[in-house]
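What follows is a single structure, written as structure tokens, with notes after it.
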Amino acid sequence: MESMNGLIYALASLGAFALCAGIVLAIAQKIFHIEGDPMIDNVDALLPQTQCGQCGYPGCKPYATAVAGGEAEVNHCVPGGERTMLQIADLMGVEPKELEQEASAPMLAFVREDECIGCTLCIKACPVDAIIGAPKQYHTIIADHCTGCTLCVEPCPVDCIDMLVKPELIEHWAWPLPDTKRSQLGHERREQHAGHA
Amino acid sequence: MPAMLRTLAQKLGLMAHTFPGGIHLDMHKLSAAAPIEDAGISPVLILPMKQHIGVPCTSMVKIGDKVLRGQKIAKSEGYLSVPVHASTSGRIVKIEEHAIAHPSGMGMPSIFIEADGDDNRDESLEPITDWRNVDPTILRERARMCGLAGLGGAVFPTFIKLVQDRRFPIETVILNGIECEPYLTTDHRLMVEQASEILDGMAIIMHMVGSSAGIIAIEDNKTDAAESMQEALTNKDGMDGVHIEVLPTRYPQGSEKQLIYTLTGREVPAGKLPMHIGVLCQNVGTTKALRDAVILGQTLTERIVTISGDALPRPANLNVRIGTPIRSLFARQGLEDFSNIQVVHGGPMMGERLRHPDIPVVKSTSGILALSQQAINAAHTVENPCIRCGHCSEACPASLVPNLLADLCRSDQLEKAEDYQLFDCIECGACSYVCPSNIPLVHYFRYGKGQISLARREQVFAEASRQRSEGRDTRIERENAEKAARRSRVRKTHAPKPAAEPTTEAAASTDTGSTTHPDTKPTPEEKS
Amino acid sequence: MSLIMLSSPHAHGGDSIRLMMFTVVLALLPAAAVSIYLFGWLAFLLIVSCMLSALLTEAVCLKMMKRPLSTLLDNSAALTGLFLALTLPATTPWWMAVLGSVFAIILGKQVYGGLGHNIFNPALSARVILLISFPLSMTTWIMPMSSAAPALNLFDFSTCATIFFHGTNALLTSSHLSLDAITMASPLGHIKTEATLGVPIADALNAYDYSYLDAFLGFEAGSIGETSALALFIGGIFLLARHSITWHIPFAYIGTVLLLAAIFNQVAPDQFATPMFHLFAGGLILCAFFMATDPVSSPVTPVGQIVFGVGCGVITWSIRSFGGYPEGAMFSVLLMNCAVPLIDHYFRPRVYGHHVDDQDMGKS
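Chains as they are written, first to last, in our numbering: chain A, 1128 to 1324; chain B, 118 to 645; chain C, 18 to 381.
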């Protein structure tokens, strides 16, 4: 009989605790309610914002929405490379996946102005408004704004847009990892981990 | 002495303040007794466009131009910048990229001057002998015009520090004659030979910042310099508030923040400048150059360079024109064969190891060293595992924990590395020097710092791109909405007033026109 | 000229792991010499077999992990073997010594990834594994040569070889001695046993014929390397002078034990031993100067090291005074080893220029 009592007390106290916790959680949900899906913005913040569409979505935000919604894999962003993939995987709490395509060196679009016919097609194609010019006038690409997405190359009817490798500035040069076996070993392991997982 | 007891003793006032950590090095001051010699003028001088910390300069000359010594040939393009001057008279022969002392091995656009041998000076700058009655802002402009940058090696534009700010009055001017790097003796020889000129420079600085107290800091391995400075100080009028402090030799005592703490017992708060705690610190070489700029009206065209190293037959202190190729200096001191020799620009603790000796002397060249492989001690090629001995933490003058930081950098845990104050590392190299496992700690920190700055830059760019992209999307949306509205209006009123149609059309066309003028400001390149 | 991109500094002080480990080996020489003086060939055989088997195990591990065998020259495996030998009772048979060394190298070090990655002091973890696996052998203390009338001559090689290779029992059968005739309790073990019988500590020590001088010099029962406080002090001071260790851990550790012992001894002298007794007894000094200061498994920062030392001291004294085991120095170091990452995280020194509150920033 005594053991029966103990059981009832235990059940009752646990039930009461669960009820209290439930109420607290319900209140907390009301107080700390967040509009929209914060995950989309969080993923979007990790993307390089080239708006290049190489992921198969029309821009960075749509891809972020797809990733946050679980519809897209984390490894589709080409310009972001491995770092971005790892960051997104970490944020989403999923396993990293191998990149489908190696990121190329940062590029820059350049209009050969003497050939430009001023059709404005590239201006309309540029996702970040990095091309200026008016109809029937030469167009110019603002190098500091160009994300190297290549979307302007195809619409050009006279093929006067070149993609150039972005020049490396001595001020932006960064030290690589030391050239010792240990540091290389650590780096290889990280890459392996990212690749196989 | 154990660091904690020392701190305690300092708190109780039993002991003078000294910075934490630090190490004792073999100083190898081979050229300490060698008087400063003039190195002459090289047939071709190579002047890189950027020789300071900050924004690069742009060239003001064309190929074929004749220039005079001291004439400005490249102008500064921003606040944190100082111009570059021709260091002898001659003709501009080319302007192209040339190797500089940079770890990347990348070049820098440089101006090549072919010396005409006359060495005619540009006399356009008036000497200011009566500087005590001249407004400090005029003197400050003089310091900027003359291209002065910290000659201790950091090459921070000098004029920026020489400012009177009512919120942060400078109480103490510190003259840094520590020179704690092994081998280097430029400041040492300058103090021995030109003490009076240095004190003139110091008096100008004190006048400029409105301070009456000054400290001249010298390490106790340079007693002759201290004596020479003391003698000059006794003979100089109007410098009663200045005294000499002889400090026990310890590396990195010459680092600005560490020196300020040792002398004043106050720390420069993270992210602030010494002026925020009322202190100004200047190197003796820079101070002498400031004196020449003000009293003689001379721009910065030469500097003292220690040429030394265990693989060099004749170590010396040379007065060298900026732009002189260092290979010719090595040849002058009897070294022509560079096989099995490592050339270092600056001191062995913080300088850059060069791939080849074909770079010019620049404003930051405090020394050039030819070291044998043994002297370099095969440092940092075989990295052993960290055994957590803690010698690096003991040696760190910024009280960091280098082994943990290096682990974080190696494994790309950069956010955590920042949390462990990676950016407070002054890269003095004390930790790598003492590490029994030969871990290139400073290299890891530089890697970490580089990756963090890279990520920051990318983030700023991505954020700007995102805003432009969003701006474009809303504009397109608005245009589409307007088009739709117009269509529905057209459909509703089948027989509109004839005059109304062109007006809407015109409005629409201006609207579409705006597509070609995105909300970025038009640039001059736009052809009209 | 080398084309490898190398960051400054382009100079090195010349210190190496090999030198550091060798310094510690040198510092242990006095203790090793005393152990041979006290336990004769037994100590010698133990030290040699532990060091050799540690080196051999390390070599096999390196081979299996395809790492260069030159790593053996860093002296760390030899040091681990020496450490382990010095913590063993003189009568430990050869196979137990070898097993301990194998444990120390494999389970204590290599499974974590080799030198620098182990959480626990390898020698101590092996010693504790042995203590738990073979409690009787690990707490049987043979009388040292200095005792008034040693029944055995430990400088006789054949006697020692019998004990070492065939076990103590083999010797007892052949020499018709009883176990009690050649062994004695350690002082800590003695007072622990007597305390359970309710005998006050002072009386227990009188019956044991305990003297502080003997304990200081090492003429008492115990592990071969831990008996002589003098020899260990000499080694410890050598390490401090050579800057191999800093004062923080040993001073904090020993200081804490002394302080706790002094306080409780004042309050209840019958139940709690004197500070001096604690200082010279068991493995306190060996652990404080040599085991707790093992760089790999101790904190990096000075404040962290003090916290670590105090923790070791509290645990050691508590186990000795209240625990089931007579000695707790080894357990305390191992327990505090677990806390090292946490200590390192929370007791970092204040970085230059951060949290400078008491300074006025300019004039308003």
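Virtual Cβ for every residue (Gly too), placed ideally from N, Cα, C. Computed from a prediction, not measured in an experiment: that's the story for all the values here.
(message) Could you check whether the Cβ of residue 319(C) sits closer than 9 Å to any Cβ belonging to chain B?
(response) By the rule that beta-carbons nearer than 9 Å mark a contact, residue 319(C) touches chain B.
(request) Taking a Cβ distance cut-off of 8 Å, strictly less, list which residues of the stretch 29-42 of chain C are near chain B, in chain order. (result) Sequence-ordered contacts of the stretch 29-42 of chain C with chain B read 29, 30, 31, 32, 33, 34, 36 and 37 [C-beta pairs closer than 8 Å].
(message) For a test of the three-state rule: what should DSSP assign to residue 92(B), helix, strand or coil?
(response) Limits of chain B in this structure are 118 at one end and 645 at the other, which puts residue 92(B) out of reach.
(request) Work out the CA separation of residue 53(C) and residue 62(C) for me, nearest whole Å. (result) Each residue's alpha carbon lies about 9 Å from the other.
(message) Just verifying my parser: in three-state terms, what is the DSSP assignment at residue 1159(A)?
(response) In the three-state reduction of the DSSP assignment, residue 1159(A) falls in the coil class, being assigned neither a helical nor a strand state.
(request) Give a yes or no on whether 9 Å exceeds the smallest Cβ distance from residue 135(B) to chain A. (result) Output row for residue 135(B): interface = no.
(message) What does DSSP give as the partner residue(s) for residue 1289(A) in the beta ladder?
(response) Paired residues: 1237(A).
(message) Give me the chain B residues within the contact set of residue 337(C), using Cβ-Cβ distance strictly less than 7 Å, ordered along the chain.
(response) Within 7 Å Cβ-Cβ: nothing; residue 337(C) doesn't reach chain B, min ~28 Å.
(message) Does any residue of chain B have a CB that is nearer than 9 Å to the CB of residue 1255(A)?
(response) For residue 1255(A), the nearest beta carbon of chain B is closer than 9 Å to its own beta carbon.
(request) State the DSSP-derived secondary structure class of residue 1169(A), mapped to helix, strand or coil. (result) Helix at residue 1169(A).
(message) Judging by CA-CA distance, which residue of 1303(A), 1276(A) and 1284(A) is the nearest neighbour of residue 1205(A)?
(response) Comparing alpha-carbon positions, the option among 1303(A), 1276(A) and 1284(A) lying closest to residue 1205(A) turns out to be 1276(A).
(request) Could you give the DSSP three-state label for residue 137(B): helix, strand or coil? (result) Note: residue 137(B) maps to coil in three-state DSSP.
(message) With a threshold of 9 Å between beta carbons, is residue 532(B) in contact with chain C?
(response) Judged by the 9 Å Cβ criterion, residue 532(B) is not in contact with chain C.
(message) Taking 9 Å as the threshold (beta carbon to beta carbon), is residue 311(B) in contact with chain C?
(response) So, not an interface residue.
(message) Suppose the cutoff is 6 Å on Cβ atoms and the five residues either side in sequence are ignored; what does the same chain contact list for residue 145(B) look like?
(response) Answer for residue 145(B): 299 and 300, listed in chain order.
(request) Identify every residue that forms a DSSP beta bridge with residue 226(B). (result) Note: residue 226(B) sits in a beta bridge opposite 214(B).
(message) With three or more beta-carbon pairs closer than 8 Å as the criterion, would you say the stretch 471-485 of chain B touches the stretch 455-463 of chain B?
(response) Touching, yes.
(request) Return the chain-ordered list of same chain residues with a C-beta closer than 7 Å to the C-beta of residue 1218(A), the five sequence neighbours on each side being excluded. (result) Contacts found: 1169, 1170 and 1173.
(request) Measure from the alpha carbon of residue 315(B) to the alpha carbon of each residue in 485(B), 399(B) and 243(B), then state which is nearest. (result) The option with the nearest alpha carbon to residue 315(B) is 399(B).
(message) List, in chain order, every chain B residue whose beta-carbon is nearer than 9 Å to that of residue 1307(A).
(response) Correct list: 497, 498, 499, 500, 555, 556, 557 and 560.
(request) Anything in chain C within Cβ reach of residue 293(B), meaning under 7 Å, just list it in chain order. (result) Chain C residues near residue 293(B): none, gap ~17 Å exceeds 7 Å.
(message) What does DSSP give as the partner residue(s) for residue 459(B) in the beta ladder?
(response) DSSP, once it has assigned bridges, lists 488(B) as partnering residue 459(B).
(request) Within its chain, find whatever has a CB closer than 7 Å to the CB of residue 522(B); leave out the 5 residues flanking it on each side and keep chain order. (result) 534, 537, 539 and 562.
(request) Out of 1199(A), 1226(A), 1263(A) and 1233(A), state which residue places its alpha-carbon closest to the alpha-carbon of residue 1240(A). (result) Of the listed residues, the one whose Cα sits closest to residue 1240(A) is 1263(A).
(request) Could you check which residue in 34(C), 44(C), 28(C) and 26(C) has the C-alpha nearest to that of residue 259(C)? (result) Residue 259(C) has its Cα closest to that of 44(C), out of 34(C), 44(C), 28(C) and 26(C).
(request) May I have the straight-line CA-CA distance separating residue 513(B) from residue 546(B), to the nearest angstrom? (result) About 9 Å.
(request) Name, in chain order, the residues that DSSP records as bridge partners for residue 207(B). (result) In the DSSP output, where bridge partners are listed per residue, residue 207(B) has 184(B) and 232(B).
(message) Closest to residue 313(C) by C-alpha separation, out of 282(C), 351(C), 341(C) and 162(C), would be which residue?
(response) Checked all of 282(C), 351(C), 341(C) and 162(C); the closest Cα to residue 313(C) is 351(C).
(message) Using beta carbons (cut-off 9 Å, strictly below), is residue 480(B) in contact with chain A?
(response) No, residue 480(B) does not count as interfacial toward chain A.
(request) Report buried or exposed for residue 164(B), applying the criterion of at least 16 other Cβ atoms within 10 angstroms of its Cβ. (result) Looking at its Cβ environment, which holds 16 or more other Cβ atoms inside 10 Å, residue 164(B) is buried.
(request) Under 6 Å Cβ to Cβ from residue 147(C), same chain only, skipping five residues before and after it: list those, please. (result) The beta carbon of residue 147(C) sits closer than 6 Å to the beta carbons of 117 and 155 from its chain, once the five residues preceding and following it are set aside; these are given in chain order.
(message) Output needed for residue 132(C): all residues of its chain with C-beta closer than 6 Å, excluding positions within five of it in sequence on either side, in chain order.
(response) Answer for residue 132(C): 93, listed in chain order.
(message) Just to confirm my understanding: we take residue 235(C), look at its own chain, exclude 5 residues before and 5 after, and list those with CB closer than 6 Å. What are they?
(response) Here the set comprises 51, 244 and 245.
(request) Please confirm if residue 642(B) has its CB atom under 9 Å from at least one CB of chain A. (result) Bear in mind that the predicted position of residue 642(B) carries a pLDDT of just 41, short of 50, making it unreliable; the figure below should be weighed with that in mind. Interface criterion met: the Cβ of residue 642(B) is under 9 Å from a Cβ in chain A.
(message) Taking a contact to mean a Cβ-Cβ separation below 9 Å, would you say residue 1274(A) touches residue 1178(A) in this structure?
(response) The beta carbons of residue 1274(A) and residue 1178(A) sit closer together than 9 Å.
(message) For a contact defined as C-beta to C-beta under 9 Å, what are the partners of residue 144(C) on chain B?
(response) Taking a Cβ-Cβ threshold of 9 Å, none of the residues of chain B is close to residue 144(C); the smallest such distance is about 21 Å.
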